[in-house]
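According to the numbering used here, the sequence shown is numbered sequentially starting from -15. All residues carry an ideal CB built from backbone N, CA and C; glycine is no exception. Report on the structure given below.
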Amino acid sequence: MHPILTFRQTTSCAECHQQSVPRTFYTRITNPQRNGFLLAPLAMSAGGTEACGKTLFATTDDPDCQSILKTFEPVTEILKRQPRGDLGGTPVCELPRK
Ligand code: HEC
């Protein structure tokens, strides 16, 4: 089963975010744990922002947090095979100095 289908094992974001969760226009695909949708529900003691006003993930070990992170595994795998220069995957090519 795709991990996203098992999301909300313990938490319902929709309890408070009825339309959708607030989001920036981009999603981080490198360092996915730094996306707002993972930081807002995460305790500050675990590196989160607690922007939800309530701690939903005490630590990143929370099963819902892990389920969301797992959805990034395929793209992480692709980036490993085909690194992108603009995402820090390859060294910048420098012209020889004279
Ligand atoms: C108890 C109510 C509540 C729950 C449950 C909740 N949130 Fe929030 N969340 C808030 C409030 C309040 C804010 C701040 C106001 C706003 O931005 O809408 C917020 C803000 C956010 C933001 C914006 C953060 C920022 O830095 O601007 C994101 C992203 C977010 N929540 C994601 C989630 C996700 C994902 C879940 C489920 C895992 C979740 N929230 C569950 C109440 C909640």
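With a cut-off of 8 Å on Cβ pairs, the stretch 30 to 40 is not in contact with the stretch 55 to 68, counting fewer than three such pairs.
Contact between the stretch 10 to 17 and the stretch 40 to 56 is present: 3 or more CB-CB pairs across the two stretches fall below 8 Å. For P58, the enclosing alpha helix (DSSP H) has its first and last residue at 57 to 65.
Here the distance from the Cβ of E(-1) to the nearest heavy atom of ligand 1 is below 7 Å.
In this structure C0 is not in contact with L22, their Cβ atoms being roughly 16 Å apart against a cut-off of 8 Å. Under the three-state reduction of DSSP, L79 is assigned to coil, being neither helix nor strand.
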